[in-house]
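Report on one structure; see the data block that follows.
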Amino acid sequence: MKKKKNKNETWKKFYFNGKLAWGKINSKNDWIKIVKTYNGNINLLRNTRLQASASRNCPFFNYYKNSGSITLGEWADKNGINLTI
Numbered sequence: 091m092k093k094k095k096n097k098n099e100t101w102k103k104f105y106f107n108g109k110l111a112w113g114k115i116n117s118k119n120d121w122i123k124i125v126k127t128y129n130g131n132i133n134l135l136r137n138t139r140l141q142a143s144a145s146r147n148c149p150f151f152n153y154y155k156n157s158g159s160i161t162l163g164e165w166a167d168k169n170g171i172n173l174t175i
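Mind the numbering: the sequence shown is residues 91 to 175 in the numbering used here, read in order.
Below, the structure is given as C-alpha cells:
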C-alpha cells in the first residue's frame, strides 16, 4: 500500500551530487529515488555537505572535503523537511 502524501509536508528544492546518484531534488519522490539508490542509507546522505560556493539556484550538497560545515540533515531539519521515507 502506498503511503499518502502529507499535504502539510514542507519540501524545498536542492541539488544532490553523489557518486551513485545526482540531480535536482524537486520533490519527496525524487528524494526517495536517491535513497533507494543508496540502499536506504539516509544517515549517509544526511551527512553530505552544503557547497558554499555553488552558483546554482538552490542549495547544492556533496561529499567533497572542501564543502561547507552545514550538512544536508542539518539544513533539512532547519527548513522543516522530513528526509525519512
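A virtual CB, placed ideally from N, CA and C, is assigned to each residue, including glycine. Nothing here was measured: the structure is a model prediction, and the numbers come from that model.
{"Query": "Can you pull the DSSP bridge partners for Trp112?", "Result": "Asn107"}
{"Query": "Would you call Thr174 buried or exposed, if buried means 16 or more other Cβ atoms sit within 10 Å of its Cβ?", "Result": "exposed"}
{"Query": "Indicate the three-state DSSP secondary structure (helix, strand or coil) for Met91 in the structure shown.", "Result": "Low confidence applies here, because Met91 scores a pLDDT of 43, under 50, leaving its location unreliable; read the following figure in that light. If DSSP states are grouped into helix, strand and coil, Met91 belongs with coil."}
{"Query": "Since Ile115 contacts Lys126 with CB under 8 Å, what's their CB separation in whole angstroms?", "Result": "Between Lys126 and Ile115 the Cβ distance is about 13 Å, and since that is not below 8 Å, they are no contact."}
{"Query": "At the level of alpha carbons, what is the spacing between Ser157 and Ile124?", "Result": "20 Å"}
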